[in-house]
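Residue numbers (the working numbering): 68 to 254.
Structure representation (structure tokens):
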């Protein structure tokens, strides 16, 4: 942020506070503080708990007003996902575990599978108080499935999507041998 007077001149060595008002709330909270440098700039770093409106506040005087509305920021949910196995027999469940940040208890997460044209939800669940989740999926046929986890948008955050998790399902010993030989990571 940069603090300047009504003529656009930098206001140096001024204490400032960054306030945030989370979406759907009416209370402003101080989330960071600092002092302006000789160029009127103040580097502030903060991790917001969700989408928020921001305001810069500083002591009022005859040089500068006491606060400036900076606008709103939308927070994208960060979703991680990892499969318990990359190869399983058809019908054997695979656990997909991960977390959603910002963490919220009881938030919905959806496990989706790519069909070649669209993503389809195959199961859903909810997060723990730490944002962690565990979902289970059981392949019904042989082949490689591409899975992802989606955390739908909330009043405080945008939709988050994990990176893809690939799981190969095999139905015979011959299928497993062929898949293993095709894996270039195995030498």
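Quick reminder that beta carbons are idealized off the backbone N, C-alpha and C, glycines included.
All values derive from a computational prediction rather than experimental measurement.
Nearest C-alpha to residue 220 among 168, 121, 120, 126: 168. Each residue's CA atom was taken as its position, placing residue 202 and residue 89 some 30 Å apart. Judged by beta-carbon spacing, residue 232 lies beyond the 8 Å limit of residue 155, meaning their Cβ atoms are not closer than that value.
Note: residue 228 is bridge-paired with 217 in the DSSP secondary-structure output. Counting only residues of its own chain and dropping the five nearest sequence neighbours on each side, residue 200 has a CB closer than 8 Å to the CB of 164, 165, 166, 167, 176, 192, 193, 194, 216.
Under the three-state reduction of DSSP, residue 247 is assigned to helix. Counting along the chain, the unbroken beta strand (DSSP E) around residue 190 starts and ends at 186 to 193.
In summary, residue 159 is exposed, with fewer than 16 beta-carbon neighbours lying within 10 Å of its beta-carbon over all protein chains present. Take the alpha-carbon of residue 225 and the one of residue 123: they are about 24 Å apart.
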